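Novice: Numbering (numbering that gives the first Met the number 0), first residue to last: 0 to 240.
Cβ coordinates follow ideal geometry from the N, Cα and C atoms, glycine included.
A quick note: this is a predicted structure, and the numbers were derived from the prediction, not measured.
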Amino acid sequence: MALFSGEGFLFLLRWLHFLAGITWIGLLYYFNFVQTPFFATADAPVRTGMIAGSLVGRALWWFRWGAMVTFITGWLYILHMMFHGYGGVREFFASAYGWKIFFGGMLGSVMWANVWFVIWPAQKVVIESATKVSKGGQAIPEAAARGQRSGFASRTNTLLSIPMLFFMGSASHLSMADPTGRGVKIGALILLAIVIAAAEVNALKGTTGPGKKMLATLNGTFWGGFILTAIMYFVLAGLMR
Ligand code: HEM
Numbered sequence: 000m001a002l003f004s005g006e007g008f009l010f011l012l013r014w015l016h017f018l019a020g021i022t023w024i025g026l027l028y029y030f031n032f033v034q035t036p037f038f039a040t041a042d043a044p045v046r047t048g049m050i051a052g053s054l055v056g057r058a059l060w061w062f063r064w065g066a067m068v069t070f071i072t073g074w075l076y077i078l079h080m081m082f083h084g085y086g087g088v089r090e091f092f093a094s095a096y097g098w099k100i101f102f103g104g105m106l107g108s109v110m111w112a113n114v115w116f117v118i119w120p121a122q123k124v125v126i127e128s129a130t131k132v133s134k135g136g137q138a139i140p141e142a143a144a145r146g147q148r149s150g151f152a153s154r155t156n157t158l159l160s161i162p163m164l165f166f167m168g169s170a171s172h173l174s175m176a177d178p179t180g181r182g183v184k185i186g187a188l189i190l191l192a193i194v195i196a197a198a199e200v201n202a203l204k205g206t207t208g209p210g211k212k213m214l215a216t217l218n219g220t221f222w223g224g225f226i227l228t229a230i231m232y233f234v235l236a237g238l239m240r
């Protein structure tokens with residue numbers, strides 16, 4: 000039976016990967032498309048009740064562990080393809096598949112880092128503060144700023160999810176020419192580094208400016224994500240030509 004073979008194991012890894020992936024990204028979209036707009040208009044006691052009453056905490060548990068399982072299974076898959084499928088790092092990066100999945104995987108990994116090192120630590124403070132308020136105490140002074148920073152990181156993840164899924168899905172299902180030389184690979188690396196640096200600087204520094212304005216609305220975030228996908232695809236496909 001094919002399921003009990005090397006191919007079957009790889010398929011199970013892939014299956015676990017997108018089960019965890021939809022859990023993570025589904026909750027990311029719930030936070031951005033449903034909860035944040037709802038909180039923006041809800042009365043303070045309702046908001047505090049939902050945060051302190053563990054609704055948000057439960058959602059964040061599935062969210063961050065979904066991200067962790069997606070990240071681990073995704074990199075296990077990449078390592079397998081690199082060393083068993085292609086037979087080495089050099090061979091892997093001599094293929095368009097390698098670059099497309101590397102682009103998708105790196106964008107996903109930045110999103111994973113935003114979850115574990117920005118959003119979750121900030122949300123712990125927000126939850127602690129709301130819990131104190133619900134018991135008649137004072138809010139933690141830094142909670143509002145931490146919540147705002149976590150919001151920027153979360154919107155950044157929503158934006159990045161658009162090109163991330165494009166490259167992930169296109170790795171095996173949308174053909175592209177293999178890279179032909181060193182210059183092409185350096186160009187691809189520079190493109191990826193610029194995108195990641197710009198997204199992270201915008202998420203982690205400051206509170207105003209055009210980048211924040213884009214993230215302030217879902218429309219701006221969608222446009223940003225689709226335009227970024229188009230830029231990344233056409234530059235990468237142009238390089239690989
Ligand atoms: C966190 C970093 C991530 C890494 C390193 C990663 C890596 C991978 C790899 C190596 C594959 C196999 C590609 C192939 O051979 O076609 C894959 C497929 C896939 N990944 Fe990810 N992934 C990540 C995040 C995500 C996320 C967040 C989702 C969201 C749902 C996701 C959804 C998928 C789907 C649906 C496929 C199957 C695509 C297909 O069959 O064409 N991945 N991923």
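Check whether the Cβ of Gly-104 lies closer than 7 Å to any heavy atom of the ligand HEM, and answer yes or no.
Specialist: Walking along the sequence shown from the start, residue 104 turns up at place 105. Correct: Gly-104 has its Cβ closer than 7 Å to the ligand HEM.
Novice: Using alpha carbons as the reference points, say which of Phe-92, Gly-107 and Glu-90 lies closest to Ala-66.
Specialist: Counting from 1 along the sequence shown, the entry for residue 66 is found at position 67. Considering only alpha carbons, the answer is Gly-107.
Novice: Taking Gly-103 as the reference, give the member of Leu-188, Pro-36 and Gly-146 with the closest Cα.
Specialist: Here residue 103 refers to the residue found at position 104 when the sequence shown is read from its first residue. Measuring from the Cα of Gly-103, the nearest candidate turns out to be Leu-188.
Novice: Three Cβ pairs or more, each shorter than 8 Å: is that satisfied between the segment 6 to 13 and the segment 75 to 87?
Specialist: yes
Novice: I'd like the span of the alpha helix (DSSP H) that includes Pro-140, first residue to last.
Specialist: On the sequence shown, position 141 is the one that residue 140 refers to. That residue, Pro-140, is in no alpha helix (DSSP H); it is neither H nor E in DSSP.
Novice: Between which two residues does the alpha helix (DSSP H) containing His-79 stretch?
Specialist: Along the sequence shown, read from residue 1 onward, the residue named residue 79 stands at position 80. 54 to 79 is the span of the alpha helix (DSSP H), which, as asked, contains His-79.
Novice: Would you identify the three-state DSSP class for Gly-208, choosing helix, strand or coil?
Specialist: For the purposes of this step, residue 208 is taken as residue 209 along the sequence shown, with counting starting at 1. It is coil, neither helix nor strand.
Novice: Once you ignore the five residues that flank Phe-165 on each side, which residues in its own chain have a CB closer than 6 Å to its CB?
Specialist: Residue numbering aside, residue 165 sits at position 166 when the sequence shown is read from its first letter. Excluding positions up to five away in sequence, the list reads Thr-228.
Novice: Using three-state DSSP, classify Arg-240 as helix, strand or coil.
Specialist: By one-based count along the sequence shown, residue 240 stands at place 241. Residue state for Arg-240 is assigned as coil, using DSSP reduced to three classes.
Novice: In this structure, does DSSP put Lys-134 in helix, strand or coil?
Specialist: By 1-based counting over the sequence shown, the position of residue 134 is 135. DSSP places Lys-134 in coil when its eight states are reduced to three.
Novice: Please tell me whether Met-105 and Pro-162 are closer than 8 Å, where the distance is taken between their beta carbons.
Specialist: Indexing the sequence shown from 1 puts residue 105 at position 106. Indexing the sequence shown from 1 puts residue 162 at position 163. Not a contact, by the Cβ cut-off of 8 Å.
Novice: Starting from Leu-173, follow the alpha helix (DSSP H) in both directions and report where the run begins and ends.
Specialist: Position 174 of the sequence shown, counted from the start, is the residue given in the question as residue 173. Where Leu-173 is concerned, there is no enclosing alpha helix (DSSP H), given that its DSSP letter is neither H nor E.
Novice: Let me confirm a value: Ser-149 is counted as buried when at least 16 other C-beta atoms fall within 10 Å, else exposed. Which label applies?
Specialist: Residue mapping note: residue 149 aligns to position 150 of the sequence shown, counting from 1. For Ser-149, the number of other beta carbons within 10 angstroms of its own is at least 16, and it is reported as buried.
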